[in-house]
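4 protein chains.
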Amino acid sequence: MGKIQFQCDYNEGCAPQIMQRLVETNLEQNIGYGEDPHCEHARELIRKVCQVPEADVHFLVGGTQANATIISSILRPYQGVIASTTGHIAVHETGAIEHSGHKVLTLPATNGKITAEQIEKCLFDHYHEDGPEHAVQPAMVYISYPTEYGTLYTKQELTDIHKVCREYQIPLFVDGARLGYGLASKESDITLPELSKLADVFYLGGTKQGALFGEAVVITNSALKRDFRYFIKQGGGMLAKGRLLGIQYEELMQNDLYLTLARHANKQADRIREALLKKGYKMAVPSPTNQQFFVLPNDHLKKLEEKYVLGIWGVADANHTIVRFCTSWATKEENIDKLIKDIQELQEVKQ
Amino acid sequence: MGKIQFQCDYNEGCAPQIMQRLVETNLEQNIGYGEDPHCEHARELIRKVCQVPEADVHFLVGGTQANATIISSILRPYQGVIASTTGHIAVHETGAIEHSGHKVLTLPATNGKITAEQIEKCLFDHYHEDGPEHAVQPAMVYISYPTEYGTLYTKQELTDIHKVCREYQIPLFVDGARLGYGLASKESDITLPELSKLADVFYLGGTKQGALFGEAVVITNSALKRDFRYFIKQGGGMLAKGRLLGIQYEELMQNDLYLTLARHANKQADRIREALLKKGYKMAVPSPTNQQFFVLPNDHLKKLEEKYVLGIWGVADANHTIVRFCTSWATKEENIDKLIKDIQELQEVKQ
Amino acid sequence: MGKIQFQCDYNEGCAPQIMQRLVETNLEQNIGYGEDPHCEHARELIRKVCQVPEADVHFLVGGTQANATIISSILRPYQGVIASTTGHIAVHETGAIEHSGHKVLTLPATNGKITAEQIEKCLFDHYHEDGPEHAVQPAMVYISYPTEYGTLYTKQELTDIHKVCREYQIPLFVDGARLGYGLASKESDITLPELSKLADVFYLGGTKQGALFGEAVVITNSALKRDFRYFIKQGGGMLAKGRLLGIQYEELMQNDLYLTLARHANKQADRIREALLKKGYKMAVPSPTNQQFFVLPNDHLKKLEEKYVLGIWGVADANHTIVRFCTSWATKEENIDKLIKDIQELQEVKQ
Amino acid sequence: MGKIQFQCDYNEGCAPQIMQRLVETNLEQNIGYGEDPHCEHARELIRKVCQVPEADVHFLVGGTQANATIISSILRPYQGVIASTTGHIAVHETGAIEHSGHKVLTLPATNGKITAEQIEKCLFDHYHEDGPEHAVQPAMVYISYPTEYGTLYTKQELTDIHKVCREYQIPLFVDGARLGYGLASKESDITLPELSKLADVFYLGGTKQGALFGEAVVITNSALKRDFRYFIKQGGGMLAKGRLLGIQYEELMQNDLYLTLARHANKQADRIREALLKKGYKMAVPSPTNQQFFVLPNDHLKKLEEKYVLGIWGVADANHTIVRFCTSWATKEENIDKLIKDIQELQEVKQ
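Chains as they are written, first to last, in this note's numbering: chain A, 287 to 637; chain B, 287 to 637; chain C, 287 to 637; chain D, 287 to 637.
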């Protein structure tokens, strides 16, 4: 009855397997704050899939919370975090990082990505200034995998960034709110264990990938582990019924559920992309994951919006809009069928 | 098999009615961030039970988050919040209030409560200092209903505190993490609509009262409403799938579920109290709600701990411990039966 | 003996008139924290020269302190300050603004300046976003007069910016660390009373303009006055012997000393500019105040650096450097004579 | 003509020797921000008198600034600083410590002092709590020498506190706003080099001890030295004309000026104390330094206030007030003569 929603990847609840486990365990008695057996088990499963037996794993509720908690646990007060101009922490978190006292030092993004060269220049320049203490000290790197535009860093690009970070002895943090969609992409050339070696800290996003909510923070660099639970509590992120996070990640990390759900989303996104390209629309960004960004004539957009809720990403020009089509683990194939049919029926594009 | 847990009121998941609704609505598509119809409906229900048609209602995930978000939305940087020395924000939130830049100005508590007189003296003294700007300006009052020790302010006490706040033009904030247990207590002499008139902002706790998680913030003072959603987002408290909070509060606020669950808990707590008093143990604090604090000889405590998990609240003396017995909406009557039997069988107390 | 210094405008102590008054008043007994008669008198003088009888005037020690104190007194936690990418608060204050929790929202600068159009677009875009609460709310404008590159806004430009601020009901803050050099410039078309009407808050810089230290903050918008002394104290800016600031500003604000000192500096800067232009060097920025930015061949720079300390402002290209020549109230004419002679003797420029 | 002021120790400007040097050096050209030869020389002199050749020395403008800068350079966000309830950071800095995100964990003071036992209990209790991450972690100790009540820790007391700090691996910070008055006291049993060994960081106060302003921070623990200049700059404490601090400390640290000035003040304070005791007034606190706290009948106080400005420290009872008499390096002997005469002539005390 209502419109079909493709504007984001958190329109539904959670994967049925997860809901079932929540029902089954509902009246169990568990200790609070993430110290229950479900959380313990989920941590063990995550360490295993990452192949980092000594990693610390913590469960948080959402992405902004995870980003702010991790970043403020790492930086000293006069330090800032390097990020792309399109990084989530730079634009869509209401200044949560600044609220914790830190500047986001932005570098111009290309398709959502920044390069090792840019990062190195930023660091080099800071330390070669006359009086570096008059500027914020860049002290960690934040990137998203996939990026906010659905694009992917290659293994080589990540390795190069990792090397610059090592050289300057600063940590690399990978925002993995959509990590599964990235790893499950046909264009990804990196595995979770490989990424776990390159990042000092990252998270396996749950909210957008089959859970009701939840982000599993994995700290592989032992220098960053100290007292992390204090940060969680202080930041308001320590869920009383932590079990809820443990139970969800127990399910996601078993039977390859996490990547299976992601593959489904990517596949549906591929179908949308193909339909749009076939029709002659221009990609705004070449994304191989569950988010597709296309430039649409405003009248075509209007037509589609009669039946679908889409993400409006910006103005391309007076007559065109950048539109996000977003699929998820929950996207129904028949809804994609309908969307494709409606795309095909749009009046011929003249750009 | 495992021990029966009475150490806190968040050992289980959620009330079965709530779980059922979460299952039923799981594959609905909803807009995110609390702007969906479930949240809207739940807000309407809350405004109705509070009898404040113009109140703003926001849903947050947990108590520390709610406290920090509310307090930092009210205070200017040089201002502090008045609280009792035993207030949750003063002792059990890892300095979340200080993290947002504000001092918690503590006043000595009696059974967890502070008085209008104490508050007035604090305010009067500040403004009559020579050079008040050298000290933190007290600018709001935080109390908990019920308190962290399960005790209740009377309607008169709340009215008196409200009056002092009006006189000094500062808001009164009531932490309602366990509000239901308070309102449902046989000793409570105040109703939710009455409390809604006395407080400028408060919350209807969900986490400890039948929900999986959630706190419903009610802002009745319109001066405090501005841009509250920015605060929620910045503080990492804006749940992507806000629907989860809406759905839970829709259930809690219908069919008197919120208070029905609370009455059950209080009744079981009454049974524990009677058993302990009958046995001759001393109350540490006279609580008429779901938390009971008693002074137990260490050997008796040890005996009980063979079968039960209890809350250890502090050392009374070399041989005695202050113990918290906590019931909840989920407490099973047969477990209370067992506990009472085991209390009766404890070796005679010699204090 | 040592090199002559032109790298900044705070190489010397203070104007002799000021030093003399400090000596004369040294053993007077005065009440602390800026409540003494000297401060009171200086405030009165400032209100008079600004022609704002009801202005609040506060004395702070330095510029970073003044900027951070003023900005954090105005913004609510989720709000940010609009500034140019080259604004002092954006680049040279080690993140002092972020440390107080606020994002600096930068707009691309042209010769150090931003326009009313840019500011309006920033504000318009924010409020027309879908879900503005996911981004930092722009809530005040920061500009410098003169800018960090010595350039000046025209009266019209300031009036336009003022209008946008009024339209969106946000304050305009003018950093006047070098205000005198701006007002005393032959190219300035605005007076102090006019500027006082356009800005909601600004400061008359002392440190760089004849005082040992000190910045006189003038708050003309009464909505911004409340409890400002608390902010000063909390920020560590309340000088115990506040008299020192009062005494210095008493002198600066009498007998036109403030502008007289500035005119001297500008005149010497004019002489440097003419010499450099005559020699064929390219201005990096067209500045009509005491700072001159020129592009010099590296070998010429090296030659000059044998006798002079100059400000290195950046790399122009592989063979050229952007150099700052800075004069002040204390610059000796004979030192400018020497510098001009040495410039003239530099080997012919081939660019 | 005006009243003679004994209400604090910052009523006058600076010691004549210092003023003379400021005059002599006024037109010297110096590099800014504390990197000039005067600062370098002053640092060297301080390292020498402290007998810590490898200490880092930084100059700040005032005490609140010094405290906030030092404390925020040491603590991680979830950590707090242990202090006495009467500690300056706990009561008279408008929450500057909380503003930087940290809780001041207060312990009850006895005559302004706290004990090693109290500190150990605080630390022990924190780490033996169930779930220490729910509370602020105590992570450094702040004491003042002399205390805010003029009292002195003995060498043994300081050694004991030092030991507890070592045991828990947290630093000891000594606020030395009046350090000279403490070290110069006849009752002090500790030398500056000894104190430099026991404290991890402390400062030699200038503002109250002969300088116009200034606090010399000495960091002896090398773990605390990293990037301290960033903190100074971010906190608004990096004086542009840093030379002013260097010049003042060059004088203070030569010819035993620092302690000579302090001895004078203490001697005048001794005279006041003797006169008051002889007259039968009760000491509020037994202070052997330049601050004397006495309980005076209100009518006697009123009589004295006709000629003198005194510090009002609090209400003793309905008819008595706690009064602070404060001397300084600048106190004139003849003014003490007058005060003593007036004390003697007060109508006989009946307490």
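Glycine included, C-beta positions come from ideal geometry on N, C-alpha and C. All values reported here derive from a predicted model rather than from experimental measurement.
Sorting B/R515, B/K593, B/A301 and B/V595 by C-alpha distance to the C-alpha of B/E321 places B/R515 at the top. Excluding sequence positions up to five before and after B/G366, its CB lies within less than 8 Å of the CB of H388, K389, V390, L391, V422, Q423, P424 and A425, all in the same chain and listed in chain order. In the DSSP assignment, C/C612 is bridged to C/Q577. Taking 8 Å as the upper bound for CB-CB distance, B/I368 and B/V503 are not in contact here, some 20 Å apart. Among the residues facing chain D, A/G496 is not included, as its CB has no counterpart in that chain under 9 Å away. Taking the Cα positions, C/G349 is about 18 Å away from C/L469. Just measuring C-alpha positions, the residue of D/M539, D/L582 and D/S482 sitting nearest D/A604 is D/L582.
Counting along the chain, D/V450 sits inside the alpha helix (DSSP H) bounded by residues K441 to Y454.
At a cut-off of 9 Å between beta carbons, B/S358 contacts chain C.
Within 9 Å of the CB of D/I598, the CB atoms of chain B belong to D416, in sequence order along the chain.
Contact between C/P572 and C/T437 holds, since their C-beta atoms are separated by about 7 Å, short of 8 Å.
Taking C-beta atoms as the reference points, B/R512 and B/C325 fail to come closer than 9 Å.
By the beta-carbon neighbour count (other beta carbons within 10 angstroms, threshold 16), C/K627 is exposed. The beta carbon of C/R529 sits closer than 9 Å to some beta carbon of chain D.
The alpha-carbon separation between A/I622 and B/Q534 amounts to approximately 31 Å.
A direct Cα-to-Cα measurement between A/Q404 and A/A602 gives close to 27 Å.
At the C-beta level, A/S358 and A/F517 come within 9 Å of one another. B/S614 is the residue among B/K624, B/Q630, B/L625 and B/S614 whose C-alpha sits nearest the C-alpha of A/Q315. No residue range can be given for D/E379, since it is assigned to no alpha helix (DSSP H) and is classified by DSSP as neither H nor E. Residue contact with chain C for D/G532: absent (no Cβ-Cβ distance below 9 Å to any residue of chain C).
Residue range V390 to L393 is occupied by the beta strand (DSSP E) that includes C/T392. Exposure of B/T440 is indicated by the presence of fewer than 16 other C-beta atoms within 10 angstroms of its C-beta.
Residues of chain C whose Cβ lies closer than 7 Å to the Cβ of A/T380 are, in chain order, Y364, E419, H420, A421 and V422. Residues of the stretch 388-419 of chain D with a C-beta less than 7 Å from any C-beta of chain B: H388, K389, D416 and E419, listed in chain order.
In the structure shown, the three-state DSSP call for D/M524 is coil. If you check each beta-carbon in the stretch 298-315 of chain D against every beta-carbon of chain C, the ones closer than 8 Å belong to E298, G299, C300, P302, M305, L308, V309, T311, N312, L313, E314 and Q315. Rounded to whole angstroms, the separation of the alpha carbons of D/G462 and D/Y431 is 6 Å. By the criterion of a C-beta distance shorter than 7 Å, C/T607 is surrounded in its chain by L582, N584, L587, I598 and V601, once the five residues flanking it on both sides are discounted. At least one CB of chain D lies nearer than 9 Å to the CB of B/H385.
In summary, D/G532 is buried, with 16 or more beta-carbon neighbours lying within 10 Å of its beta-carbon over all protein chains present. With a cut-off of 8 Å on Cβ pairs, the stretch 490-503 of chain B is not in contact with the stretch 405-412 of chain C, counting fewer than three such pairs. Comparing alpha-carbon positions, the option among D/R464, D/I476, D/G492 and D/E298 lying closest to D/A328 turns out to be D/G492. The Cβ of D/I375 sits no closer than 9 Å to any Cβ of chain A. Our two residues, C/K565 and C/S471, have alpha carbons roughly 23 Å apart in a direct line. Under the DSSP assignment, D/K568 falls in the beta strand (DSSP E) whose first and last residues are K568 to V571.
Between the alpha carbons of C/E379 and D/M524 lies a gap of roughly 10 Å.
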